[in-house]
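Undergrad: Residue numbers (this note's numbering), protein chains in the order written: chain A, 1269 to 1416; chain B, 770 to 1457. We put the beta carbon where it would ideally sit given N, CA and C, even for glycine. Take this structure, written in structure tokens, and hold onto it; I'll ask about it next.
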């Protein structure tokens, strides 16, 4: 039961929080960049919550760190890479399409092509089979009628 | 507050004195009721085993009396589970703290509504509700399925019984809600405060009605595979069940989303959380099944595919239960340290879905199609619908499971979150929305793409005009919302034009009369498709047009956001029944005009030791004003988070329209004929 409650706490996104007034950068353009970056970073102690949405202590630290990097002159890519270097790719909510992750990214398009292909083939086969072939029972009945 | 409640609490806890001498002793009626519930639960398990075996054997051997046993057994299982559920509810309402589950999830001071919703606000109780609803559906198939062929009905009820037996075994052996505690405490630990909310009180029952409703489609699919026969009548029987399940799922998901919107404090409405995905995947499959069952019913084709969808739809419901209940997604290690429940559910999943798919592999090919159709036809349009929905659902599935797979198979610890799903899932929905209005007017068997598209020119022109207007008015924001306007109005106008052209070419009065007399199913279709358009529009409008303000405000200060002036007039503490609230008062003006007073709150629930936020929201059709109270600041003042969310309310209106469309369609005469025929059974067809 305790485990369940604990799980529930993790499952439910924590109430309110996220970006605090004192974190906001004076430059709106840079603040917007920071928000866009932190929306794609995972709060590493939360369950499926972005750093931008989370009120965990570490999420605040990461938000501040991202802003520090941007103020220091990092590009967006560099700031993100800085975080990945420290926390691993676990911090990325959008997994990079490299190596084994290609499977994740290709699944959708591949299934779509396969699904449409199968549907097309089935349709073609069905049409070649001709319209509404008689079932064995119907054929038997037809034969019986013809024999009469 | 406390002093006032104490005597009553002591009174209502009278039984505890007895409980201390030993739970469940005679002479203590509350304990008897709980034991009665426990007994009924175990008896229901025994009945469900009988229900899964007797009718199945009867149908195989052609023994009418064995088949006839299915009905009473299904009714009996439902009655027994109703007793068990009532007993558990009684324990919650009377705060019987000799029951462990009540201790962990209730509190004497909790409002009555949440004492009741506390019954299913936990693992064990939610399983009992799950089983109760499952039994209710099974019993309904017995009560209202009089016109079903006897063998089909017997087999359907047997499969329902088997699913019930599996879940009752799971409950009794790993998650018994009636377990007692030897030393009952003076009060409970309270229900998770986040769950003490009207939206979330009814969210789980609706979702379960949906999940479990899909079990009916599953049972019909298995029964049809055993019989080796799927025909138009089968499609007609399956569709109302699927439609009902789909309506419940739609409402359940919308309630959960609305709850997240007002409760979590920043107005998000969908997070692509594994738990959300667990309910969304069955919804996508149910939507696909709903549409392919139409093809089976009208054209007697796509049979094997429909059976497969029915299996997958319920399979994903089970998978969702596994994801939510095992904790496997939270952490592989949490699963490994307490694997009992997870392994049990995985076993249920493997037996039912694996068994069904094996049966399908052997028997599916025998389900020959009758109707042929051209590449351009309503059938093909519905196949496209099915492919897009199924693939989109698999994308959600793979994304949800990928962190687990990646860690176990590739040793890469990573996350898959909202940005991935937004990128990988959305294209399929866009494609679906583009194709929908044209596909919906395509004639059966053989159509002309040009002709169907031409009938939609008006819808396209209106949609483009509105999107252009939106783009011109919004100045400098992303194209997201205008695209949403385009797709949304394309769907809404498409649905309207479909109805309009169905009215025929005559005087306007005759035409309207004729439209009003169209079958309910046609109205349902138009309403649901329009609802989808409304939802798509609202999603993009909220994401693309919302404005946000985060600042520290002292009482008396004000600021302006999107033309509205927000003034913090005060913050004070207020006691609630089982919480303490810190409540702000925020007045909103538009220029000189007073709009509303909002009361955003922060609550602390002492028994559960947890804070929650209650946003102050002013809903109107064109925008929501949303204020959430943050923490007090060191230098005085309070953090305040304010949002103006344009058209947010249309998110729920769109979902409600979809559910309404389903409901209207469900009331169609055809289904009532099918159900009503119970009193006058259709004469047996001559053997073919």
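Is residue 1411 of chain A buried or exposed, if buried means 16 or more other CB atoms sit within 10 Å of its CB?
TA: That one is exposed.
Undergrad: I need the straight-line Cα distance from residue 1081 of chain B to residue 1331 of chain B, nearest angstrom please.
TA: Their backbone Cα atoms lie some 47 Å apart in a straight line.
Undergrad: Just to confirm the assignment, what range does the beta strand (DSSP E) spanning residue 1352 of chain B have?
TA: First-last of the beta strand (DSSP E) with residue 1352 of chain B: 1349–1359.
Undergrad: Run through the stretch 1169–1253 of chain B for me and flag every whole alpha helix (DSSP H) of 4 or more residues, listed as ranges in chain order.
TA: If we require 4 residues or more, the alpha helix (DSSP H) runs fully inside the stretch 1169–1253 of chain B come out as 1187–1210, 1218–1223, 1226–1243.
Undergrad: Within the continuous beta strand (DSSP E) that includes residue 1292 of chain A, where are the two ends?
TA: From DSSP, residue 1292 of chain A is part of no beta strand (DSSP E); its letter is neither H nor E.
Undergrad: What runs of the alpha helix (DSSP H), each 4 residues or longer, lie entirely inside the stretch 1141–1167 of chain B?
TA: If we require 4 residues or more, the stretch 1141–1167 of chain B turns out to have no alpha helix (DSSP H) run fully inside it.
Undergrad: Applying a beta-carbon distance threshold of less than 8 Å, which residues of chain A neighbour residue 1188 of chain B?
TA: Within 8 Å Cβ-Cβ: 1307, 1308, 1361, 1362.
Undergrad: Taking 8 Å as the CB-CB limit, is residue 1302 of chain A close to chain B?
TA: For residue 1302 of chain A, the answer is no, since every Cβ of chain B falls outside 8 Å of its Cβ.
Undergrad: Tell me where the alpha helix (DSSP H) around residue 1298 of chain B begins and ends.
TA: Element bounds for residue 1298 of chain B: 1289–1314.
Undergrad: Let me check understanding here. Comparing Cα to Cα, which of B/818, B/1312, B/1264, B/1058 lies closest to residue 1426 of chain B?
TA: The candidate whose alpha carbon is nearest that of residue 1426 of chain B is B/1264.
Undergrad: What does a CB cutoff of less than 8 Å around residue 1001 of chain B pick up in its chain, not counting 5 residues either side in sequence?
TA: Taken in chain order, the residues that qualify are 1065, 1066, 1067, 1069.
Undergrad: Give the single residue among B/1317, B/1116, B/868, B/1171 whose Cα lies nearest to the Cα of residue 1043 of chain B.
TA: If we check each option's Cα against that of residue 1043 of chain B, B/1171 comes out closest.
Undergrad: Do we get a CB-CB distance below 8 Å when we pair residue 1234 of chain B with the residues of chain A?
TA: Not an interface residue.
Undergrad: Going by C-alpha distance, which of B/872, B/893, B/1404 is nearest residue 951 of chain B?
TA: Comparing Cα positions, the closest option is B/872.
Undergrad: Helix, strand or coil for residue 1408 of chain B per DSSP?
TA: Strand, per DSSP.
Undergrad: For chain A, check one thing: does any of its Cβ atoms lie closer than 8 Å to the Cβ of residue 1171 of chain B?
TA: Chain A, which has a Cβ nearer than 8 Å to the Cβ of residue 1171 of chain B, makes this yes.
Undergrad: Compute the Euclidean distance between the alpha carbons of residue 1424 of chain B and residue 836 of chain B, then round it to the nearest angstrom.
TA: Those two C-alpha atoms are separated by around 41 Å.
Undergrad: For residue 1271 of chain B, which three-state DSSP category applies?
TA: Residue 1271 of chain B: helix per DSSP, three-state reduction.
Undergrad: Pick helix, strand or coil for residue 1343 of chain B, following the three-state DSSP scheme.
TA: Reduced to three states, the DSSP call for residue 1343 of chain B is strand.
Undergrad: Is residue 1310 of chain A closer than 8 Å to residue 1186 of chain B when the C-beta atoms are compared?
TA: Cβ distance < 8 Å, so residue 1186 of chain B and residue 1310 of chain A count as in contact.
Undergrad: Does the separation of the CB atoms of residue 1054 of chain B and residue 985 of chain B fall below 8 Å?
TA: No, the pair does not count as a contact, with Cβ atoms beyond the cut-off.
Undergrad: Are residue 1462 of chain B and residue 1262 of chain B closer than 8 Å when you measure CB to CB?
TA: Here chain B comprises residues numbered 770 to 1457, so residue 1462 of chain B is not present and cannot be evaluated.
Undergrad: Measure the alpha-carbon distance for residue 961 of chain B versus residue 1349 of chain B and round it to whole angstroms.
TA: Whole-angstrom Cα-Cα distance: 15 Å.
Undergrad: Look up residue 854 of chain B in the DSSP assignment and say whether it is helix, strand or coil.
TA: In the structure shown, residue 854 of chain B sits in a helix (DSSP, three-state: H, G or I).
Undergrad: Where residue 819 of chain B and residue 838 of chain B are concerned, what is the direct C-alpha to C-alpha distance, given to the nearest angstrom?
TA: Each residue's Cα considered, the two are about 9 Å apart.
Undergrad: Nearest chain A C-beta to residue 1319 of chain B closer than 8 Å, yes or no?
TA: With 8 Å as the cut-off, residue 1319 of chain B counts as an interface residue toward chain A.
Undergrad: Alpha carbon to alpha carbon, how far is residue 878 of chain B from residue 859 of chain B? Give it in angstroms, no decimals.
TA: About 16 Å.
Undergrad: Helix or strand or just coil, what does DSSP make of residue 1368 of chain B?
TA: Residue 1368 of chain B: coil per DSSP, three-state reduction.
Undergrad: I'd like the ranges of any alpha helix (DSSP H) spanning at least 4 consecutive residues and lying wholly in the stretch 891–960 of chain B.
TA: Fully enclosed alpha helix (DSSP H) runs of 4 or longer: 892–913, 919–943.
Undergrad: Helix, strand or coil for residue 1393 of chain A per DSSP?
TA: Note: residue 1393 of chain A maps to helix in three-state DSSP.
Undergrad: Tell me which residue opens and which closes the beta strand (DSSP E) that residue 1327 of chain B is part of.
TA: Per DSSP, residue 1327 of chain B belongs to the beta strand (DSSP E) from 1327–1330.
Undergrad: Using 8 Å as the threshold, is the stretch 1306–1313 of chain B in touch with the stretch 1242–1251 of chain B, meaning 3 or more CB pairs across them?
TA: Judged by Cβ distances under 8 Å, the stretch 1306–1313 of chain B makes contact with the stretch 1242–1251 of chain B, as three or more pairs qualify.
Undergrad: Name the chain A residues that come within less than 8 Å of residue 1181 of chain B, Cβ to Cβ?
TA: Within 8 Å Cβ-Cβ: 1357, 1367, 1368, 1369.
Undergrad: Anything in chain A within Cβ reach of residue 1245 of chain B, meaning under 7 Å, just list it in chain order.
TA: Neighbours of residue 1245 of chain B on chain A: none; closest Cβ ~12 Å, over 7 Å.
Undergrad: In the DSSP output, what is residue 1318 of chain A paired with across the bridge?
TA: Per DSSP, A/1310.
Undergrad: Using a Cβ-Cβ cut-off of less than 7 Å, list which residues of the stretch 1380–1397 of chain A approach chain B; keep chain order.
TA: From the stretch 1380–1397 of chain A, only 1380, 1383, 1384, 1387, 1391, 1394, 1395 have a Cβ closer than 7 Å to chain B.
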